[in-house]
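Right, one structure below, let's go through it.
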Amino acid sequence: MEKEAPRILIVDDDLDFASLLTDVFSQASYDVEMTGEPTKVEELVRSMDFSLVVTDLRMPGLNGFELAKKIKAIKTELPIIMVSGFLESKDREKMESEGIVGLYEKPLSVFSLLKNAAKLIAEGKSKTKKASSETVEKPGDANDLGFPFKALPCQSDASHAFAESIYRMRNRRQNLCIVTPRGTPTRAIAEDFFSWLNPETADSRIIEPNDFSLELLEQIAREAGEKKLESFVISIPETERLDPGQQKQLARGSRKGTFSDHWEGHFRFIFMIGSDVETLYQEGVLSDELYLSMGGSELHVPLLSDCPDDIEAAARAAETEDGDSLSWDADAINLLRGRDWPGNFTELRKVLFRLQQNYSGRPLSARDVLEAMNEDESAVSPKARSENISLFETLDACRSSYLLALSDLVDGDTAVIASIAEVPQEFVEKVLSN
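The sequence shown finishes on residue 434 if you use full-length UniProt numbering, and the numbering steps up by one all the way, no holes.
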């Protein structure tokens, strides 16, 4: 059973702005109460269980600071965020003394507001649990997750924490943004997420940017309605590649009720993006409509360089074509663990693949690893290197043979082959079918 959504109270005498905030938080799957009369807030706080209050600073009859005092007198731990059309230095000083946890100036950053709100609500829940119990359960030191997650080895603290964070998001309604550095196994992460859904009530699909359209969403909604599904989760790798028209369609498709003629359930989107939402929006990559519909939850896949234990785990799991494990000396493992890996898992897989292909049976040395790491640079022309073109984009004559060899190694999984070789999956399927 899905947990009850946190409830937020919006207080602003400017009803248009209050309605805007209500829409923003509702899109992020919060329950929202709105009032334009600050004098009614005390009664609301006493009668309803709120996780956060967002209030205007300057209102007739009762300003934000006065209102905050009344709220704190009723519920000390209830976090309060204030917004205002203009701020003075004394406002910020008073905010700290009055225990106000956030102060935003209009026009405000919606995504920043949502992120801060989610953080404050989570902190509020933590304080409540701590107050009700003298002992806090401490997670075990073992790396066993307790749930299936194959995309990352999760032997390092950073990857382990990411896996736990995304798992906690599995049953929520709000959209989710996942920042995926270059070389991240984005599709594998999406497939792991999909595996946690209840197949009786939900379905899922990965939609590539080139394939996305409002018509496709409508088709999926019709099929979901026929199956009587409650939800449908869609992951879009490299969401920032959507053109302005597609972004507008996606924003429309994510609105509640867009497909109500065909389906009573809801879409949930997982936006895989190369940088954080705020940066992409400020750079003009994301449209206003899509920005507002992306939700307030953002997770970051850790860089491989921050996960040295994952690097070692992947290396020790590597096998020859006959299924024999590779043998490593300590210097070789240390060299792998200490590399920056700008291409992350894709780059690591390339290096491991070369080592597998050339494995003679003796323990792999640091020299073997260095040669595998430097193969791109020795095989590609200076011009190609200066343009940062990969080996797989320049050696067209060898590409088909390489893809066929990869197919044998990964049992024909075209998605994995495409990820390792950094080519479109459609190209892989075409080569393997010939």
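Don't be surprised by glycine CBs; every beta carbon is placed ideally from N, CA and C. Everything numeric in this text was worked out from a predicted model, so none of it was measured.
Inter-residue CB distance, residue i and residue j (contact presumed, cutoff 8 Å)
| i | j | result |
| --- | --- | --- |
| E283 | Q247 | 14 Å between Cβ atoms; not a contact. |
| R339 | E312 | So it is not a contact: roughly 12 Å between Cβ atoms. |
| L250 | F212 | 7 Å |
| L370 | A318 | No, L370 and A318 are not in contact; Cβ-Cβ is about 17 Å, not under 8 Å. |
| E230 | T201 | 4 Å |
| I333 | A315 | 6 Å |
| residue 436 | G102 | This structure does not reach residue 436, given that the chain is present from 1 up to 434, and the question cannot be answered. |
| S365 | W341 | S365 to W341, Cβ: 20 Å. No contact. |
| P363 | D329 | 5 Å |
Check: residue i C-beta below 7 Å from any heavy atom of the ligand ADP
| i | result |
| --- | --- |
| A251 | Absence of the ligand ADP from the depicted structure is noted, as is the absence of any ligand whatsoever, leaving it without description. |
Buried or exposed by the 16-neighbour rule on C-beta atoms within 10 Å, applied to residue i
| i | result |
| --- | --- |
| A131 | Note that A131 scores a pLDDT of 48, beneath 50, so its modelled location is shaky; the value from the coordinates is reported in the next line. Exposed, by the Cβ-count rule. |
| G64 | buried |
| V69 | Looking at the sequence provided, one finds Lys at residue 69 rather than Val. Classification for K69: exposed. |
| D310 | buried |
| V428 | buried |
| L335 | buried |
| residue 439 | The chain is shown from 1 up to 434; residue 439 falls before or after that span and cannot be answered. |
| M1 | Confidence is the limiting factor: at M1 the pLDDT is only 39, short of 50, which leaves the residue's position unreliable, though a coordinate-based value still follows. Exposed, because fewer than 16 other Cβ atoms sit within 10 Å of the Cβ of M1. |
| F149 | buried |
| T135 | Note that T135 scores 34 on pLDDT, short of 50, meaning its location in the model is unreliable and no value can be drawn from it. |
| I8 | buried |
| N344 | buried |
| residue 435 | Residue 435 falls outside the range modelled here, since the chain spans only 1 to 434, and no answer is possible. |
| G257 | exposed |
| E137 | Note that E137 scores a pLDDT of 38, beneath 50, so its modelled location is shaky and nothing firm can be said. |
| I74 | exposed |
| G85 | exposed |
| G253 | buried |
| S419 | buried |
| F147 | exposed |
Selection from the options that minimises the alpha carbon distance to residue i
| i | options | result |
| --- | --- | --- |
| I207 | L242, N198, A163 and T76 | L242 |
| A188 | E42, I417 and L145 | I417 |
| S165 | N344, V301 and D203 | V301 |
| D324 | Q219, Q357 and R349 | Q357 |
| T55 | E223, P79 and E347 | P79 |
| D49 | P6, M34, P60 and P38 | P6 |
| K72 | G61, L52, V83 and A314 | L52 |
| E238 | P209, R252 and S260 | P209 |
| I270 | I234, L57 and G257 | I234 |
| L326 | E347, E77 and L355 | L355 |
| E226 | K256, D261, I236 and R205 | D261 |
| S287 | D368, A118 and G245 | G245 |
| E77 | I121, V83 and L114 | I121 |
| H160 | R173, L145 and L114 | L145 |
| S109 | D329, S47, L280 and K228 | L280 |
| P38 | I236, D12 and F17 | D12 |
| residue 493 | A163, W328, S407 and R255 | Outside the shown range of the chain, which is 1 to 434, sits residue 493, and nothing can be said about it. |
| D31 | I10, R58, L15 and L57 | I10 |
Unbroken alpha helix (DSSP H) run spanning residue i, endpoints
| i | result |
| --- | --- |
| H160 | D157 to R168 |
| A313 | P308 to A317 |
| E105 | Counting along the chain, E105 falls outside any alpha helix (DSSP H), though it belongs to the beta strand (DSSP E) covering G102 to E105. |
| D23 | L15 to Q27 |
| L44 | V41 to S47 |
| R222 | L214 to E226 |
| G338 | A330 to G338 |
| E66 | G64 to I74 |
| P342 | P342 -> no alpha helix (DSSP H), and no H or E assigned at all. |
| residue 522 | The question about residue 522 has no answer here: the residues shown for the chain are numbered 1 through 434. |
| F427 | Q425 to S433 |
Closer than 8 Å to chain E by CB, residue i
| i | result |
| --- | --- |
| E208 | Although the question refers to chain E, the structure presented lacks it and comprises just one protein chain. |
Continuous beta strand (DSSP E) stretch holding residue i: start and end
| i | result |
| --- | --- |
| S297 | S297 to H300 |
| D203 | A202 to I206 |
| D31 | D31 to T35 |
| V179 | L176 to V179 |
| S419 | Looking at the DSSP string, S419 is not in any beta strand (DSSP E); the run it does join, the alpha helix (DSSP H), is T414 to A421. |
| D56 | L52 to D56 |
| F232 | S231 to I236 |
| S83 | It is worth fixing the name first, because residue 83 is Val in this sequence and not Ser. Element bounds for V83: I80 to S84. |
| V285 | Element bounds for V285: n/a, residue is neither H nor E. |
| M272 | H266 to I273 |
| L9 | R7 to V11 |
**Asked** Do the segment 265-278 and the segment 182-196 meet, that is, are 3 or more Cβ pairs less than 8 Å apart?
**Response** yes
**Asked** Do the segment 291-300 and the segment 167-177 meet, that is, are 3 or more Cβ pairs less than 8 Å apart?
**Response** yes
**Asked** Should the segment 259-271 be called in touch with the segment 220-227, which here means at least 3 C-beta pairs below 8 Å?
**Response** yes
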